[in-house]
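Colleague:
Protein chains in written order, with the working numbering: chain A, 1 to 437; chain B, 438 to 874.
#1: Please confirm if residue 146 of chain A has its CB atom under 9 Å from at least one CB of chain B.
#2: Report the three-state DSSP secondary structure of residue 151 of chain A (helix, strand or coil).
#3: Ordered along the chain, which non-local residues of its own chain (more than five positions away) have a Cβ less than 7 Å from that of residue 905 of chain B?
#4: I'd like the span of the beta strand (DSSP E) that includes residue 750 of chain B, first residue to last.
#5: May I have the straight-line CA-CA distance separating residue 387 of chain A from residue 233 of chain A, to the nearest angstrom?
#6: When Cβ atoms are compared, which residues of the region 129 to 141 of chain A fall closer than 7 Å to chain B?
#7: Is residue 757 of chain B buried or exposed, if buried means 16 or more other CB atoms sit within 10 Å of its CB?
#8: Just curious, the beta strand (DSSP E) that residue 367 of chain A is in, first and last residue?
#9: Compare the beta carbon distance of residue 112 of chain A and residue 100 of chain A with 9 Å and say whether it is the shorter of the two.
#10: Let me check one thing: in DSSP terms, what residues is residue 139 of chain A bridge-paired to?
#11: Would you kindly check if the distance between the Cβ of residue 668 of chain B and the Cβ of residue 724 of chain B is under 9 Å?
#12: Would you kindly report the start and end of the unbroken alpha helix (DSSP H) that includes residue 855 of chain B?
#13: Strictly by DSSP, which residues pair up with residue 713 of chain B?
#14: Verify the CB distance criterion: does residue 564 of chain B have a CB-CB separation below 9 Å to chain A?
#15: Using DSSP's beta-bridge definition, name the partner residues of residue 323 of chain A.
#16: Comparing the C-beta of residue 521 of chain B with each C-beta of chain A, is any distance below 9 Å?
#17: Alpha carbons only, please: which of B:611, B:594, B:599 is nearest the one belonging to residue 569 of chain B?
#18: Less than 9 Å between the beta carbons of residue 81 of chain A and residue 32 of chain A, yes or no?
#19: Express the C-alpha separation of residue 190 of chain A and residue 202 of chain A in angstroms, rounding to a whole number.
#20: Can you tell me which of the three DSSP states residue 497 of chain B falls into?
#21: Using the C-alpha atoms, what's the distance from residue 452 of chain B back to residue 680 of chain B?
#22: Round the Cβ separation of residue 663 of chain B and residue 748 of chain B to the nearest angstrom and send it over; I've been treating them as touching at under 8 Å.
#23: Under a three-way DSSP split, which group does residue 251 of chain A fall into?
#24: Distance check for residue 474 of chain B and residue 361 of chain A, CA to CA, integer angstroms please.
#25: How is residue 453 of chain B classed by DSSP in three states: helix, strand or coil?
#26: For residue 540 of chain B, which residues from the same chain have a beta carbon less than 6 Å from its beta carbon, with the 5 sequence-adjacent residues on both sides left out?
#27: Which of helix, strand or coil does DSSP assign to residue 54 of chain A?
#28: Mapping DSSP to helix, strand and coil, what is residue 772 of chain B?
#29: Taking 9 Å as the CB-CB limit, is residue 482 of chain B close to chain A?
#30: Taking 9 Å as the threshold (beta carbon to beta carbon), is residue 751 of chain B in contact with chain A?
#31: For a test of the three-state rule: what should DSSP assign to residue 156 of chain A, helix, strand or coil?
#32: To the nearest angstrom, report how far apart residue 716 of chain B and residue 769 of chain B are at their CA atoms.
#33: Could you say if the region 774 to 791 of chain B and the region 735 to 745 of chain B meet the contact criterion of at least three C-beta pairs nearer than 8 Å?
#34: Is there at least one Cβ from chain B nearer than 9 Å to residue 66 of chain A's Cβ?
#35: So with CB distances below 9 Å, who are the chain B contacts of residue 21 of chain A?
#36: Measuring straight from C-alpha to C-alpha, what distance separates residue 481 of chain B and residue 63 of chain A?
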């Protein structure tokens, strides 16, 4: 039996529920029922849970009320209270159904991270307490998003999407058969159904393409969790906690990619979907001396400001001027710090000006076999051109084309590309509100 | 310099703030100012903090929504989120005043308890992380009410008043000069100012008398914390977080008792105050066979139901019947379980009936030298009789007389006794709402 069989899997299942699934007592009870049903079907179950609905925002609001710049260590201490509450309540709700459940903090579940507060990375997973609970026939509930640094003995959090990563890392460490990520939509779509109502649910997608989708702004799975699953060969099943429908299987084996869309010839490019992202801003450094080392100097400054650059474009040097422009995109929330760092270094680097634009949107087309099919690019750019969408930056990979457009044209662009590649389905997608952490 | 000098103490101070002192962002900032001022005066400061205002009730309410009988382990996991939030916020608020503060969970602060969830007892304190923080000149914030069991590796809580006990235990382990308990009244009073508006603040009281006050229903300090302080010879300073006034010093040395009320002859009884308690119910086991071992049988049943008996009275056997009645009081919250346990054992024990009365109140007069001054009892019972208060049960100790009366007469009884012993002051006491844990 292949590990990712779409039929009922019997074995060890790790289920992750986001904040919108456990936003109140009713939600927690509904999740408890699903967990118990999974166990009753003959599986060992480990549940990773995020903080309840608005808890994270409420705690952040309290922090803002007492301090403008809360220390990262204390912010982590504060935020981890959120999962502590939801996991204990979920354990209680399961007990109320006469099953034994034990909740574990990140530290208790052996989620060992580095010491970087607020964006810690997992360096080891030692889930012996979780294993012991399973061996006793108990259901183990684990706090998502949090861990403990072995070097500093401090509580850490993993940043946005951290609970997905907790679930996948635990599943890998426990050699689980599948990691189920429950969310408020019933799978991964060919585009965001809020923008493209005719978007289709993807039944199966390779980890590789899912990585590009996640990196391109699809919010449904966090990038790091997909990377982790791919590295450990772990299948992820993304599905809705509000229904029993099959969701989207994210499969690590490249062999599965081919069989994903039935009836498509092997040599045809297979387009997975269209992702978009409104969370980035664009920085253009104008009049950079066109001499070796200047680009490295600029990106060194950005890196020192702990900002993550996404797309980079350098225009050719304007004839005779000896100067060039460098544009790049980065998360909007990091824009202010990055700009300040650049301004501080203006004299040293010798550029002329900085232009910052946060009214941009990024659109990405993801699919296998793009590079070797020139027709894909042509169809892509023609669709945008026909829709009257001007393109600002372009970047490509083996399985992705991304462009930056004006923010107010992004929805039009997404719909145009989605239609051009025949991704439109016949039914409207079901969309629920909210996202977890 | 005596360790309990009333003048400013320079050295190591442990401060405990209850939930009402940190009920919102403004309260947390006010506490932060006081903590920073204490450090600026030249002291090392360790702060023990309870959960914010209503947090405990909100979490209990959530638990009740998902489960009728939440497992004790998970309840502890849930409740400990409360201090995690308040301590992290307090550390942030202190940082906003440019001091370095580090928060520590009970486990991180080395509060080692037994494994009894919900009412764990401290068995060891190993505050090396707190000490390290102090050595660096940092302010240490410690979560009250919680610890970790060394035998089970589980998170535990210490029950009502647990934060007081955390503070005193930490102060003892760190050899602190004083443990300051901040609350919403400005000290210990000769009676509850809400019942007796003319009650006077007590400036100094012995640990022994404070123990009796606490055991008799005075809510201001938890019994266990006073026991702990007495055992380790630690002075406690009970004071208001809303003012800078001196509060009440609870002093461990018996020598201090005599100098407490200036001008009183050494051989005179010294009345400390009047305490009252509405939280108990009275059980009367009617028609118990008057043969040896029956009382032990009954109290064994109550103990097995994990109920704590307070006062016990056994009437003499009614002439010729061969049967007797045994009455006792116990916390009202434990009444239902205790009654059920007794009913289950009715045939085995052979008693005739059980009567339960939860409309009772307990009044206690506390003071040194009572036993050797018959005039005290006379004055006490005459005051009650003059006020028309009938007495139901009586129990006494070396420094206490307690009686049980009808609940609706309790306030009248407290005022009458308070007046009879000349405890009335000239000013009205300042009372604030709410109590912490």
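Even glycine gets a Cβ: it sits at the ideal position worked out from N, Cα and C.
Modeller: Here's the rundown:
#1: no
#2: coil
#3: Residue 905 of chain B is absent from the model: chain B starts at 438 and stops at 874.
#4: 749 to 751
#5: Approximately 40 Å between the Cα atoms of the pair.
#6: none
#7: exposed
#8: Unbroken beta strand (DSSP E) run through residue 367 of chain A: 360 to 368.
#9: no
#10: A:101
#11: no
#12: 847 to 857
#13: B:800
#14: Output row for residue 564 of chain B: interface = no.
#15: A:289
#16: yes
#17: B:611
#18: no
#19: Using only the alpha carbons, I get a separation of about 6 Å.
#20: helix
#21: 15 Å
#22: That belief does not hold up - the Cβ atoms of residue 663 of chain B and residue 748 of chain B are roughly 20 Å apart, past 8 Å.
#23: strand
#24: 50 Å
#25: Three-state DSSP puts residue 453 of chain B in a strand.
#26: 524, 525, 528, 578
#27: coil
#28: Residue 772 of chain B: helix per DSSP, three-state reduction.
#29: no
#30: no
#31: strand
#32: 6 Å
#33: yes
#34: yes
#35: Near residue 21 of chain A there are no residues of chain B at all, since even the closest Cβ is about 14 Å away, more than 9 Å.
#36: 25 Å
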